[in-house]
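The structure under discussion appears below in the form of structure tokens.
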Ligand SMILES: NC(=O)c1ccc[n+]([C@@H]2O[C@H](COP(=O)([O-])OP(=O)(O)OC[C@H]3O[C@@H](n4cnc5c(N)ncnc54)[C@H](OP(=O)(O)O)[C@@H]3O)[C@@H](O)[C@H]2O)c1
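Numbering (the working numbering), first residue to last: 1 to 380.
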């Protein structure tokens with residue numbers, strides 16, 4: 001009975017992908033030969049690790065063929081759909097070791113997918129990145145460079161189509177001051193007091209992203225004066241008090257004294273700093289040291305584009321050869337293994353998405369291998 005076999009195979013595939021309990025699989029298959037008629041259980045729900053629920057017309061087929069081929073077809077198509085969906089969700093199941101725990105207790109991915117400059121491609125690329133295994137998304141309430149509603153549309157799709165839950169994802173956005181906005185597209189009232197601008201920016205982000213909370217809110221850059229920076233930070237802190245934001249951070253802060261001052265004055269301390277990782281600032285050596293001492297994570301951007309000399313370095317090439325990895329992967333691996341840096345990648349290439357994620361499963365580099373990079377970035 002071909003149809004029965006096909007259905008059984010599909011069921012086995014489904015159980016394997018979803019790792020549904022062996023018991024259920026056994027029950028399914030034990031029952032099959034004993035059933036006399038086709039039993040159609042409408043809307044059987046199975047919990048997959050207690051996180052998502054599959055509902056389908058679950059068909060157990062008996063040995064005796066009632067001759068109703070339609071039911072086989074319905075069963076096969078229905079289970080096929082479920083296998084397809086389960087494959088997607090399974091493929092984005094990520095290893096717990098791919099995350100760090102920040103000062104604020106937030107579970108943050110070690111590698112974050114950045115969405116700058118992706119315009120109308122944002123939605124599809126974010127969906128693709130999450131399906132590949134990314135769990136952290138970086139955006140900003142800054143229409144000049146980011147399409148925040150595209151991230152929101154991707155989240156909606158992932159929740160509806162893939163059964164992901166909001167809490168499975170780490171969403172980071174930014175407040176961008178007037179200095180960083182396109183005057184024609186300011187996402188808040190530019191004439192309102194600063195505090196109101198920050199509040200309106202967060203409300204716009206929540207709306208764009210279709211969420212009730214943000215995992216990480218980052219000040220896109222320090223304000224013109226420290227007093228303004230602290231004023232914005234106080235508003236940020238009120239968002240944490242209200243449960244709208246889980247952790248705070250700052251970006252483009254290259255003076256360690258400014259960072260220290262913010263850290264000292266803050267009631268809720270920065271959990272992350274997001275900076276350009278390049279030679280001109282000596283790779284923020286002092287800032288990274290301060291981060292290490294205080295449990296703060298350093299999110300690097302321009303990691304690849306600003307460092308072609310590292311990527312093409314002879315010793316790095318030798319490491320690539322030994323590890324069968326690209327130089328981009330080796331640099332990301334080194335940084336992720338410092339325990340302080342959580343790099344951002346904004347790749348638009350599906351192969352690079354996979355390669356970037358593989359980095360998190362690479363074995364620990366030896367001290368000598370780490371030293372190759374340590375020397376290149378002036379840490380040694
Ligand atoms: N706070 C800020 O002011 C600020 C500023 C800039 C960026 N950011 C954030 O950081 C994110 C990343 O931006 P980024 O400036 O670092 O650049 P990026 O968008 O990650 O692009 C870097 C380049 O690296 C390539 N690439 C990525 N993975 C690769 C791999 N495995 N092998 C080879 N090439 C690879 C990409 O090409 P392919 O697309 O072909 O892979 C791209 O050309 C942004 O999306 C944004 O979220 C923040």
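C-beta: ideal position from N, C-alpha, C; glycine also.
Please read these numbers as outputs of a predicted model, since none were measured by experiment.
Could you check what DSSP says for residue i in three-state terms: helix, strand or coil?
i: residue 300; result: strand
i: residue 183; result: coil
i: residue 275; result: strand
i: residue 332; result: helix
i: residue 345; result: strand
i: residue 213; result: coil
i: residue 43; result: Residue placement at residue 43 is poorly supported in this model, since its pLDDT is 31, which falls under 50; the coordinates still yield a value, given next. Strand at residue 43.
i: residue 219; result: strand
i: residue 166; result: helix
i: residue 108; result: strand
i: residue 142; result: coil
i: residue 263; result: helix
i: residue 310; result: helix
i: residue 244; result: coil
i: residue 159; result: helix
i: residue 173; result: strand
i: residue 352; result: helix
i: residue 375; result: helix
i: residue 323; result: helix
i: residue 192; result: coil
i: residue 257; result: helix
i: residue 305; result: coil
i: residue 198; result: helix
i: residue 380; result: coil
i: residue 366; result: coil
i: residue 150; result: helix
i: residue 338; result: coil
i: residue 207; result: helix
i: residue 225; result: coil
Would you say residue i touches ligand 2, meaning its beta carbon is less than 7 Å from a heavy atom?
i: residue 263; result: This structure does not include ligand 2; its bound ligands are ligand 1.
Please report how far the alpha carbon of residue i lies from the alpha carbon of residue j, in whole angstroms.
i: residue 379; j: residue 289; result: 10 Å
i: residue 358; j: residue 291; result: 25 Å
i: residue 31; j: residue 9; result: Reliability fails at residue 31, whose pLDDT of 39 lies under 50, so the model's placement of it is uncertain and the value that follows must be treated cautiously. If I take the Cα positions, the gap works out to 15 Å.
i: residue 364; j: residue 337; result: 7 Å
i: residue 308; j: residue 377; result: 12 Å
i: residue 109; j: residue 6; result: 39 Å
i: residue 113; j: residue 135; result: 8 Å
i: residue 199; j: residue 333; result: 37 Å
i: residue 143; j: residue 170; result: 21 Å
i: residue 106; j: residue 168; result: 12 Å
i: residue 96; j: residue 223; result: 36 Å
i: residue 226; j: residue 258; result: 8 Å
i: residue 373; j: residue 270; result: 27 Å
i: residue 249; j: residue 318; result: 37 Å
i: residue 306; j: residue 104; result: 30 Å
i: residue 331; j: residue 122; result: 26 Å
i: residue 254; j: residue 274; result: 10 Å
i: residue 101; j: residue 343; result: 15 Å
i: residue 293; j: residue 260; result: 12 Å
i: residue 287; j: residue 264; result: 14 Å
i: residue 163; j: residue 156; result: 10 Å
i: residue 188; j: residue 181; result: 10 Å
i: residue 323; j: residue 368; result: 14 Å
i: residue 375; j: residue 283; result: 12 Å
Answer yes or no: do residue i and residue j have a C-beta to C-beta separation smaller than 8 Å?
i: residue 299; j: residue 272; result: yes
i: residue 192; j: residue 141; result: no
i: residue 266; j: residue 233; result: yes
i: residue 245; j: residue 217; result: yes
i: residue 176; j: residue 220; result: yes
i: residue 327; j: residue 341; result: no
i: residue 303; j: residue 125; result: no
i: residue 111; j: residue 345; result: yes
i: residue 178; j: residue 190; result: yes
i: residue 195; j: residue 235; result: yes
i: residue 384; j: residue 145; result: Absent from the structure is residue 384, since the part of the chain shown begins at 1 and ends at 380.
i: residue 277; j: residue 301; result: yes
i: residue 172; j: residue 215; result: yes
Would you list the residues sitting across from residue i in a DSSP beta bridge?
i: residue 101; result: 107
i: residue 113; result: 137 and 345
i: residue 287; result: None; residue 287 has no bridge partner.
i: residue 249; result: 218 and 272
Any beta-carbon of chain C closer than 8 Å to the one on residue i?
i: residue 204; result: Absence of chain C from the displayed structure is noted, only one protein chain being present.
Tell me, please, whether the region 201–218 touches the region 142–153 by the rule of three or more beta-carbon pairs shorter than 8 Å. yes
Below 8 Å, can you find three or more Cβ-Cβ pairs linking the region 341–359 to the region 115–129? yes
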